[in-house]
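Numbering (UniProt numbering), first residue to last: 1 to 259.
Have a look at this one:
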């Protein structure tokens with residue numbers, strides 16, 4: 001089963017980590033940034049990390065240091081503990097996926113990225129994926145799931161087969177992996193760069209790095225009917241270049257124009 005993206009995912013520019021601006025007290029992945037994106041009529045991209053008790057938290061980093069006034073691993077704190085930690089520049093704490101779903105309530109498309117938990121885009125225990133699937137039960141707004149890690153996308157294919165899923169992709173340079181990478185891990189890295197798992201996980205779209213959109217594999221997938229999104233656009237000039245190939249953009253740092 002390969003469900004297709006809702007048409008709004010190809011129509012509305014997608015605000016990266018929501019429509020964030022720390023100077024306006026709406027930091028990335030925060031509820032104020034979510035509300036701002038809804039007001040402006042943008043699609044929303046968010047990130048998920050797990051709490052210690054297996055709940056899906058809307059947060060990009062795997063540690064608290066950059067984005068909060070606390071320190072340590074996100075996965076080392078319970079949901080209740082994380083809900084007491086305020087996001088920097090925001091009056092509100094780290095939200096749960098359930099809170100974001102209640103806030104969005106189907107008004108704009110929601111693109112959810114499941115962050116890799118393996119460190120090498122390899123096999124994952126499925127805890128975060130199960131939490132995401134549980135939170136999404138009964139949600140009837142336009143939503144899609146993606147991950148850099150094909151293992152996560154494969155979990156979602158089993159847990160929530162009705163939700164469109166895709167791969168977040170780029171060139172996967174060796175610098176992104178351990179320095180002592182052996183032949184097996186290097187082969188895995190090359191498979192990631194080749195987007196080799198697209199059919200195996202029954203993906204319907206990719207979100208590819210915009211500077212690498214001229215990769216032949218991107219053209220091949222697009223010709224086969226895959227939707228092509230891209231990340232992360234930061235100017236109107238970058239947007240114009242990306243839209244020559246991509247059907248939609250994920251953007252931040254400027255107000256993307258709406259058609």
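We put the CB at the ideal spot given by N, CA and C, even for glycine. As the structure is a prediction and not an experimental result, all values here were calculated from the model.
From residue 173 to residue 36, what does the alpha carbon distance come to, in whole angstroms?
35 angstroms
Report the residue from 246, 247, 257 and 184 whose alpha carbon sits nearest the alpha carbon of residue 235.
Answer by Cα proximity: 257.
Could you tell me the alpha carbon to alpha carbon distance between residue 203 and residue 9, rounded to whole angstroms?
For residue 203 and residue 9, the distance between alpha carbons rounds to 15 angstroms.
Alpha carbon to alpha carbon, how far is residue 18 from residue 105?
When rounded, the distance between both Cα atoms is 15 angstroms.
Using CA atoms only, rank isn't needed, just tell me which of 130, 3, 81 and 151 is closest to residue 197.
Nearest C-alpha to residue 197: 151.
Please classify residue 226 as buried or exposed, where buried requires at least 16 other C-beta atoms within 10 Å of its C-beta.
buried
Who are the Cβ neighbours of residue 248 in its own chain at under 6 angstroms, not counting the five residues just before and after it?
10 and 229
Neighbourhood of residue 130 by C-beta, 7 angstroms cutoff - its chain only, sequence neighbours within 5 removed:
159
If you check the beta carbons only, do residue 128 and residue 163 fall under 9 angstroms apart?
no
Report back the beta-carbon spacing between residue 82 and residue 43 to the nearest angstrom; my notes put them in contact at under 8 angstroms.
A Cβ-Cβ separation of about 25 angstroms leaves residue 82 out of contact with residue 43 under the 8 angstroms criterion.
For residue 45, which option in 34, 171 and 39 has the closest C-alpha, if you only look at C-alpha atoms?
Ranking 34, 171 and 39 by Cα distance to residue 45 puts 34 first.
Check whether the Cβ atoms of residue 157 and residue 1 sit closer than 9 angstroms, and answer yes or no.
yes
If you reduce the DSSP assignment to three classes, tell me which class residue 201 lands in.
coil
Secondary structure of residue 237, DSSP reduced to three states:
Three-state DSSP puts residue 237 in a helix.
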